[in-house]
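Protein chains: 2
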Amino acid sequence: MADTATPTKKQEIIAQAYDAFYNGGFHATGIDTVMANSGISKRTLYKYFPSKEDLIEAVLEQYGEDTDALLFTPALARSDDPRAQIAALFDVRREIMEKTACRGCLAMKAGQEYIGKHAGIAAHGREASVYLEGRFIELCEKAGLANPRETGRQIGLLFQGAALTAQMQQDPSTFDVARKAADILLAV
Amino acid sequence: MADTATPTKKQEIIAQAYDAFYNGGFHATGIDTVMANSGISKRTLYKYFPSKEDLIEAVLEQYGEDTDALLFTPALARSDDPRAQIAALFDVRREIMEKTACRGCLAMKAGQEYIGKHAGIAAHGREASVYLEGRFIELCEKAGLANPRETGRQIGLLFQGAALTAQMQQDPSTFDVARKAADILLAV
DNA sequence: CCATAGGTAAACAGATCAGTTTACATTGTC
DNA sequence: GACAATGTAAACTGATCTGTTTACCTATGG
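Residue numbers (this note's numbering), protein chains in the order written: chain A, 1 to 188; chain B, 1 to 188.
Right, here's the structure in full:
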């Protein structure tokens, strides 16, 4: 009846694979590991996803939706002022890291692992990067900046650098440092 | 006689592994691939490096030295002014990308792949991140900035974000965007 | 000329990988 | 109760992985 009430088997598989790949990496995590203690048999998995790469792409699409739901939507809801919304993106990103541990951006991790190997997966990394910049550019436009395209890209670089560095150094305060830099760029 | 004249077999192995891991990733690249068309037998390889992880650590140490020789040394040589040196780091990084193709930071790539799996390798990623920030902080101190520690970290985030984004989007001009942002942060 | 050191080449072991197949259990429907 | 759909469980294939071992080659030095 309801069509989003109970999770589809397909969604269940994606959710399990999501965690497994996030924690273990893509190449390093086998299909067997994805299924371990998850109540999903290999036959069912391959029914929905003909190959590991297909599964990875589905996971990355889910990740994109999650990023909207967990990062952009809550951050933009915190204020109506685009400058404050930009700052909120750094804050929410920090909170996500503090809640869900060390992990960086899954799509870019995938992009790095599959660059030159699997076009579809690598494209997800590129698109995630472009999408993030686009959101910042959009906010810079709303803020009425002189050069929203450049400033938006710059803030995007800060954000991506912060996500990577925070993960490497296991230090969520990195996002605060980045937010202050974004404030300076917005003030010019 | 000379002790750096002819490359040691050990150095030869590292150089071959360096390229193989850079192009293929760590988990995805097998020992067999490292040796393919390289004139190095498996027996010799395992004589010098008892495990793949040992080899990876040696490669990362070499990568650190290369980064000094190919990035920091030439960039710092371009000027005596610390602000200009910071700008030069972005320029040289762009030139490196244009010369040697798409590749991002090997140490952080390794850190991402081995986080929670191999402490020694993961530590190289963390150290590379900290080292980079340290170099920028040092230059910010020389430039007489009010808060060199914070500004140095911020510029480090820009640099790391630019390296990742430039790789993802295959766009070397990303480093120019980052350099302009660094200029703004330095002018405050 | 021979011994030793250091190398290549390649077979091999055991684990694990992606993906297929066979067999069986469960469930809802007619 | 029969049937079809959907699932689990697990054996299996063939490739590939890390790492070991056996056998042979080649240079150098006494």
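Glycine is no exception: its CB is placed at the ideal position from the N, C-alpha and C atoms. Small disclaimer: the values here were computed from a predicted structure and weren't measured.
Checklist entry - Can you find a C-beta in chain A that's less than 8 Å from the C-beta of C140 (chain B)? => result It does not: the Cβ of C140 (chain B) has no partner Cβ on chain A nearer than 8 Å.
Checklist entry - What span of residues does the alpha helix (DSSP H) with N147 (chain A) cover, start to end? => result Looking at the DSSP string, N147 (chain A) is not in any alpha helix (DSSP H), and its letter there is neither H nor E.
Item to check | Contacts of V188 (chain A) in chain B (Cβ-Cβ under 8 Å) | outcome: Within chain B, the residues near V188 (chain A) are I184.
Item to check | Minimum Cβ-Cβ distance from E150 (chain A) to chain B less than 8 Å | outcome: At least one chain B Cβ lies under 8 Å of E150 (chain A).
Item to check | Assumed close pair V59 (chain B), F90 (chain B) - CB separation to whole angstroms, cut-off 8 Å | outcome: Contact flag wrong, Cβ pair sits at about 26 Å.
Checklist entry - By Cβ distance below 6 Å, which residues in the same chain neighbour E53 (chain A) in space, the five residues on each side in sequence not counted? => result Taken in chain order, the residues that qualify are H118.
Item to check | Neighbour flag for S38 (chain B) against chain A, beta carbons, 8 Å | outcome: Under the 8 Å criterion on CB atoms, S38 (chain B) is classed as non-interfacial with respect to chain A.
Checklist entry - H124 (chain B) versus chain A: which residues are under 7 Å apart at the beta carbon? => result Residues of chain A passing the Cβ test: none, with the nearest at roughly 10 Å.
Next on the checklist: Three Cβ pairs or more, each shorter than 8 Å: is that satisfied between the region 166 to 181 of chain A and the region 170 to 178 of chain B?
Outcome noted: With the cut-off at 8 Å, the region 166 to 181 of chain A and the region 170 to 178 of chain B do not touch.
Next on the checklist: Using CA atoms only, rank isn't needed, just tell me which of B:R94, B:T44, B:K142 is closest to D80 (chain B).
Outcome noted: Checked all of B:R94, B:T44, B:K142; the closest Cα to D80 (chain B) is B:K142.
Item to check | Spatial distance of Q85 (chain B) from D183 (chain B) (CA atoms) | outcome: Distance between Q85 (chain B) and D183 (chain B), taken at the CA atoms: about 11 Å.
Next on the checklist: I'd like the list of long-range same chain contacts for Q170 (chain A), defined as Cβ closer than 8 Å, with 5 residues on each side in sequence excluded.
Outcome noted: The residues C102, in chain order, have a CB closer than 8 Å to that of Q170 (chain A) in the same chain once the five nearest residues on each side in sequence are set aside.
Checklist entry - For P148 (chain B), which option in B:A162, B:E133, B:L158 has the closest C-alpha, if you only look at C-alpha atoms? => result It is B:E133 whose Cα lies nearest to the Cα of P148 (chain B).
Next on the checklist: I'd like the list of long-range same chain contacts for G161 (chain B), defined as Cβ closer than 8 Å, with 5 residues on each side in sequence excluded.
Outcome noted: Cβ neighbours of G161 (chain B) within its own chain (closer than 8 Å, five residues either side excluded): A178.
Item to check | Residue closest to K201 (chain A), alpha-carbon to alpha-carbon, out of A:A36, A:F49, A:G24 | outcome: Chain A is shown from 1 up to 188; residue 201 (chain A) falls before or after that span and cannot be answered.
Item to check | Entirely enclosed alpha helix (DSSP H) segments - the region 49 to 87 of chain A, minimum 4 residues | outcome: Complete alpha helix (DSSP H) runs here, min 4: 52 to 67, 73 to 77.
Next on the checklist: Please report the straight-line C-alpha distance between I14 (chain B) and I56 (chain B), rounded to a whole angstrom.
Outcome noted: A straight line joining the alpha-carbon of I14 (chain B) with that of I56 (chain B) spans about 9 Å.
Item to check | Spatial distance of E98 (chain A) from V92 (chain A) (CA atoms) | outcome: If you take the alpha carbons of E98 (chain A) and V92 (chain A), they lie about 10 Å apart.
Item to check | Inter-residue CB distance, L158 (chain B) and A187 (chain B) (contact presumed, cutoff 8 Å) | outcome: About 14 Å separates the two Cβ atoms, so there is no contact after all.
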